Amino acid sequence: MPGNEWEKIRHILVVQDLQGQRTIPLQEATYSIGRHSSNAIVLHGRSVSRQHAILLRVTVPGTDQCSFRIIDGNFKGQGSTNGLLVNGTRCYSRNLQHGDVIIFGSNQAQAKYYSVSHISEQAFFASAEVEDLSGYLSDKSQPANPLQTIVLDTDFEGASETALARLASFPELIPNPIIETDLEGKVTYLNPAAAIKFPDLRKLGRQHPILKEILNVTGNTQINPFVREVTVGQAVFEQSVHHLPESDLIRTYIIRDITEQKKAEIELRQRDRLLQAVAEATNCLVVEMNYETAISKALAVVGEAARADRAYLFKNHAYNSTGAAVSLQFEWYRPHLAAVRPHWQNQLYESVALSRWYNILFNGQSINELTRELPEAERELLKRDSVQSLLLVPLRLEGQFWGFLGLADCTQERYWSKHEESTLLTMAASISGAWQRRQVEEKIRYQALHDLLTGLPNRLLFNELLAKAIANALRRQESLAVMFLDLDRFKVINDTLGHTLGDRLLQLVARRLRGCLRSGDTVSRWGGDEFTILLPRIKYLEEVTQAACRILKTLEEVFYLDGHEFYVSASLGISLLDEHSPDAEALIKHADAALYHAKDGGRNNYKYYTTSLSGKTPELLNLEKSLRHALEKQELTVYYQPRVNILTGQITGMEALLRWQHPEMGVVSPSVFIPIAEETGLIISIGEWVLRTACMQNRAWQQAGLPALKMAVNLSPKQFRQPNLLEVVSQILAETGLAPEFLELEITETTAIEDLQFTRTVLEKLQQMGIDIAIDDFGTGHSSLSRLQLLPLHNLKIDGSFIKSLTTDVKVAHIVKAIVTLGRSLGLRLTAEGVEKPEEFDFLKSINCEDVQGYLFYKPLSAEKATEILQEDRG
Numbered sequence: 000m001p002g003n004e005w006e007k008i009r010h011i012l013v014v015q016d017l018q019g020q021r022t023i024p025l026q027e028a029t030y031s032i033g034r035h036s037s038n039a040i041v042l043h044g045r046s047v048s049r050q051h052a053i054l055l056r057v058t059v060p061g062t063d064q065c066s067f068r069i070i071d072g073n074f075k076g077q078g079s080t081n082g083l084l085v086n087g088t089r090c091y092s093r094n095l096q097h098g099d100v101i102i103f104g105s106n107q108a109q110a111k112y113y114s115v116s117h118i119s120e121q122a123f124f125a126s127a128e129v130e131d132l133s134g135y136l137s138d139k140s141q142p143a144n145p146l147q148t149i150v151l152d153t154d155f156e157g158a159s160e161t162a163l164a165r166l167a168s169f170p171e172l173i174p175n176p177i178i179e180t181d182l183e184g185k186v187t188y189l190n191p192a193a194a195i196k197f198p199d200l201r202k203l204g205r206q207h208p209i210l211k212e213i214l215n216v217t218g219n220t221q222i223n224p225f226v227r228e229v230t231v232g233q234a235v236f237e238q239s240v241h242h243l244p245e246s247d248l249i250r251t252y253i254i255r256d257i258t259e260q261k262k263a264e265i266e267l268r269q270r271d272r273l274l275q276a277v278a279e280a281t282n283c284l285v286v287e288m289n290y291e292t293a294i295s296k297a298l299a300v301v302g303e304a305a306r307a308d309r310a311y312l313f314k315n316h317a318y319n320s321t322g323a324a325v326s327l328q329f330e331w332y333r334p335h336l337a338a339v340r341p342h343w344q345n346q347l348y349e350s351v352a353l354s355r356w357y358n359i360l361f362n363g364q365s366i367n368e369l370t371r372e373l374p375e376a377e378r379e380l381l382k383r384d385s386v387q388s389l390l391l392v393p394l395r396l397e398g399q400f401w402g403f404l405g406l407a408d409c410t411q412e413r414y415w416s417k418h419e420e421s422t423l424l425t426m427a428a429s430i431s432g433a434w435q436r437r438q439v440e441e442k443i444r445y446q447a448l449h450d451l452l453t454g455l456p457n458r459l460l461f462n463e464l465l466a467k468a469i470a471n472a473l474r475r476q477e478s479l480a481v482m483f484l485d486l487d488r489f490k491v492i493n494d495t496l497g498h499t500l501g502d503r504l505l506q507l508v509a510r511r512l513r514g515c516l517r518s519g520d521t522v523s524r525w526g527g528d529e530f531t532i533l534l535p536r537i538k539y540l541e542e543v544t545q546a547a548c549r550i551l552k553t554l555e556e557v558f559y560l561d562g563h564e565f566y567v568s569a570s571l572g573i574s575l576l577d578e579h580s581p582d583a584e585a586l587i588k589h590a591d592a593a594l595y596h597a598k599d600g601g602r603n604n605y606k607y608y609t610t611s612l613s614g615k616t617p618e619l620l621n622l623e624k625s626l627r628h629a630l631e632k633q634e635l636t637v638y639y640q641p642r643v644n645i646l647t648g649q650i651t652g653m654e655a656l657l658r659w660q661h662p663e664m665g666v667v668s669p670s671v672f673i674p675i676a677e678e679t680g681l682i683i684s685i686g687e688w689v690l691r692t693a694c695m696q697n698r699a700w701q702q703a704g705l706p707a708l709k710m711a712v713n714l715s716p717k718q719f720r721q722p723n724l725l726e727v728v729s730q731i732l733a734e735t736g737l738a739p740e741f742l743e744l745e746i747t748e749t750t751a752i753e754d755l756q757f758t759r760t761v762l763e764k765l766q767q768m769g770i771d772i773a774i775d776d777f778g779t780g781h782s783s784l785s786r787l788q789l790l791p792l793h794n795l796k797i798d799g800s801f802i803k804s805l806t807t808d809v810k811v812a813h814i815v816k817a818i819v820t821l822g823r824s825l826g827l828r829l830t831a832e833g834v835e836k837p838e839e840f841d842f843l844k845s846i847n848c849e850d851v852q853g854y855l856f857y858k859p860l861s862a863e864k865a866t867e868i869l870q871e872d873r874g
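Using numbering that gives the first Met the number 0, read the sequence shown as starting at 0 and increasing by one per residue.
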């Protein structure tokens, strides 16, 4: 025998309790000991605690050997009830040595610990307390612990016959199968456990799974012994294979039955696979922009993970007048199968084949069945697709049953696992969520691309369609036309009959426009009473002319609303895709230019764009170009004009006024560059800069200890209608630290009444923020205070054109007096603009106008000069 065979250390615990004596080889690193059946070592005794002690394998310091430490109590640190005695001494913890006797509370349960190198001492075998130990020690196939503690170097020779008998009887008694073969694979020994467990082992010999491949170990000493997993029928075992060269034997030992463990592992792998599939499928549903593509990918992922042959999505719908039906909407199937879509369309739930399904799924339950166990009508339905097993779960959204999701197996019968059913239910919830998101997204997209009043495409969608039409026209070498339509004098209808009736009339106009165009044409609402029309695939100019005449004629017919008769006419501007109008921007711009020439020509007619209609002078174009860079070049400045209380003469506020100092042209009048800024859209960025600058200046005055004032800032029409106005104002106030009550926003009368409902909504939100609202240039529009009272206003600024005629025209004086009287009765503060003469001031004071603004007191001042004035006013 090689020397190292005699140096293998075995650790054994011999237990004696009320149920007798048993020998336990200590091969694990940790053991729990106690009365409860969950312990690794169960002791039977009244004094033993449920979890009495812990046995831990430890390394002996300074050596490569190991021993075991016993600790009183459980893994949570709770001690046992009756304590622990080692060799008669109570202790909490002890490193065990060979021969130590452990008592668990009383003599009813005790154990003795052995650490031996080999079966070598006759007295050791003769001991009654290791009666069943000798057989264990004789089994050389038992894996040896390489870590040593106390080594017994005694001789095995001369062992008594009793000891040898005990040694030989051990394999016969243990419940684990032991098999020995010679080096040819012939079975030389089976213990009773092996004979019972594997009754055909001798007959099959090397063909039996237990013995297959084990002869390969004889030539490889590096893997001797080795442990492997072996499958016998439906069972899986952990088998130790040991070549005993000194005996020319191969001994195998079935360590344990791991069938349930393998099943659990397979189930865990399946669960992990399905969870990964759910995550991947859900990601598809969230990330993939196209709903159809996302569903197809999700079904494929889940079908593959569940190892199904088919995955379906069915959607409920109404069918004719016969009732509820269901149709296959999406399907995934393995390549060797055929699609089932044709015969899964418009299947009525009232049919015999589907009525049971409907009741089950409608109530939120799943269907998990074998086809052969289904009612005949259902079997016939599924046989068309060779379905042998079916799993269906309902699709529900906000409590409504809107369809179902399914998995099918066409190759074998199977009951789908709980994990698979749970996965499908999770997928059903994710798909329902994706479907709901799709509905919301479609609604949002529709609202984003359509005018909510008329249902027509809006500017954004029109521009998209125009860009596609231009690309198609260029590819086909065709032309197209863009029309700009404006209803003549529509503002009169709004002003006289109100916006509600005006809106209804716009809806009727939109309906007529759609009705008189070709199927491929597009009409959109551009804004207000303006419409744009796209006529693609134009081959002859006469086609466009006919369309224009048809539009004008259809609008000439009388409109009936609430007993009123309305006659509406329109003006049309037309541009054609050519070298002068080569893109969408040019087409729309030129159609707009042609529209205004049509209006100048007498309205209710149309005009084609020609190059002669380009009215901008080179000077105006240069000014527009310079304005685009004025802000970044710091050519723009904000001036401030004080507002004075008419009784006290004190400054009560400031109005921010924009000035442009051009490096070459000098000071450019606001009446020149403001319209350009409006037309080009630059007013948005410029207006935001003015608002921020004015708020910063007012905050700086407050921090300098000057009196708190209202800062009035004008909003242009385009600024007022920008969608994010409220967010911009709120952000600027937050950035500058100015409290909202020190800001007053001014809009013109014309801007206010253009869309009264929209204006009211925006002004109410600004008022809720704490910002005052003023109507600027009052009297120049076509509204009345009775209409403006519908708006949340605080200040009314009388236009300077009235003030200039105040002392020379009696009628104007009466108008101004009436404005002040009515404005004060409505709780508005009155400010007169453009006051330049003392007699104007005296008149305004006599009619109790609160504030004045004009050259009589202060002209617009730079920030530095305005600061000096405020400091003087405070003194």
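Using N, Cα and C, we set each Cβ at its ideal position, and we do this for glycine too. Small disclaimer: the values here were computed from a predicted structure and weren't measured.
- Message: Using a Cβ-Cβ distance cut-off of 8 Å, determine whether Ala862 contacts chain D.
- Response: In the structure shown, chain D cannot be found, because there is only a single protein chain.
- Which of helix, strand or coil DSSP assigns to Cys283: helix
- Of the listed residues Phe489, Glu726, Gly686, nearest to Arg602 (C-alpha basis): Phe489
- Query: How close, in whole Å, do the beta carbons of Ile879 and Ser92 come, if the pair is a contact with beta carbons under 8 Å?
  - Reply: Nothing about residue 879 can be reported from this structure: the residues present for the chain run from 0 to 874 only.
- Task: Hey, could you find the ends of the beta strand (DSSP E) Glu529 is sitting in?
- Result: Per DSSP, the continuous beta strand (DSSP E) segment holding Glu529 begins and ends at 529-537.
- Return helix, strand or coil for Val898, following the three-state DSSP convention. Examination of residue 898 is not possible in this model, given that the chain is present from 0 through 874 alone.
- Query: How would you label His316, buried or exposed, when you count the other beta carbons within 10 angstroms and need 16 or more for buried?
  - Reply: exposed
- Item | Whole-angstrom distance between Leu512 and Gln446, CA atom to CA atom | Whole-angstrom Cα-Cα distance: 20 Å.
- Item | Rounded straight-line distance, which links the Cα of Ala263 to that of Tyr357 | 35 Å
- Task: Output yes or no for whether 8 Å exceeds the beta carbon distance between Leu284 and Ile443.
- Result: no
- Looking at the structure shown, is Lys858 part of a helix, part of a strand, or coil, going by DSSP? coil
- Stretch-stretch touch, CB-based, cutoff 8 Å, three pairs: the region 460-469 with the region 577-594: Touching, per the Cβ criterion.
- Query: Applying the criterion that 16 or more other CB atoms from any shown protein chain within 10 Å of the CB defines a buried residue, is Met664 buried or exposed?
  - Reply: exposed
- Query: Tell me which same chain residues have a C-beta within less than 8 Å of the C-beta of Pro142, skipping the five on either side of it?
  - Reply: Residue placement at Pro142 is poorly supported in this model, since its pLDDT is 36, which falls under 50; the coordinates are not used for a value here.
- Task: Decide if the region 702-710 is in contact with the region 741-748; the criterion is three or more beta carbon pairs, one per stretch, under 8 Å apart.
- Result: yes
- Beta-carbon spacing of Leu878, Pro859 below 8 Å: The chain is shown from 0 up to 874; residue 878 falls before or after that span and cannot be answered.
- For Gln756, the nearest candidate out of Asn282, Val226, Glu266, His498 (CA to CA): His498
- Message: In whole angstroms, give me the CA-to-CA distance for Ala293 and Gly519.
- Response: 31 Å
- Taking the CB atoms as reference points, tell me whether Ser66 and Ser114 lie closer together than 8 Å. yes
- Query: Mind checking Glu259: buried by the 16 CB within 10 Å criterion, or exposed?
  - Reply: When all chains shown are included, Glu259 counts as exposed.
- Task: For Thr830, I'd like the list of residues in its chain whose CB is within less than 8 Å of its CB, leaving aside the five on either flank, ordered along the chain.
- Result: Arg642, Ala773, Asn794, Leu795, Lys796, Ile797, Cys848, Glu849, Asp850, Val851, Gln852
- 8 Å Cβ shell around Thr422 - same chain, five flanking residues per side excluded: So the list reads Leu273, Leu274, Ala276, Val277, Val301, Ala304, Ala305, once near-sequence residues are dropped.
- Message: Quick check: what's the CA-CA separation for Tyr854 versus Leu681?
- Response: 30 Å
- Query: Quick one: any contact between the region 557-577 and the region 504-511, if contact means 3 or more CB pairs under 8 Å?
  - Reply: yes
- Unbroken alpha helix (DSSP H) run spanning Asp841, endpoints: If you look at Asp841, you'll find it in the alpha helix (DSSP H) that goes 837-845.
- Hey, how far is the Cα of Thr866 from the Cα of Trp700? 7 Å
- Chain-order list of residues whose beta-carbon lies under 7 Å from that of Asp775 (same chain, five-residue window excluded): Asn713, Glu745, Ile746, Thr747, Lys796
- Would you report the Cα separation of Pro244 and Glu183, rounded to the nearest angstrom? 13 Å
- Query: Taking Cβ to Cβ, would you say Glu420 is nearer than 8 Å to Val392?
  - Reply: yes
- Beta-carbon separation (whole angstroms), Ile537 vs Leu484, contact threshold 8 Å: Contact doesn't hold; Cβ gap of about 17 Å is too wide.
- Task: With distances taken Cα to Cα, identify the nearest neighbour of Arg474 among Leu459, Lys417, Glu838, Pro535.
- Result: Pro535
- Compute the beta-carbon to beta-carbon distance between Trp401 and Leu394, rounded to the nearest angstrom, for a pair I have assumed lies under 8 Å. 5 Å
- Item | Glu397 versus Ala323: straight-line alpha-carbon distance, rounded | 19 Å
- Task: Determine the direct distance from the alpha carbon of Ala693 to that of Leu827, and round the result to whole angstroms.
- Result: 24 Å
- Mapping DSSP to helix, strand and coil, what is Ser716? First, the amino acid is wrong: residue 716 is Pro here, not Ser. If DSSP states are grouped into helix, strand and coil, Pro716 belongs with the helices.
- So, helix, strand or coil for Ile934, using DSSP? Nothing can be reported for residue 934, as the shown portion of the chain is limited to 0 through 874.
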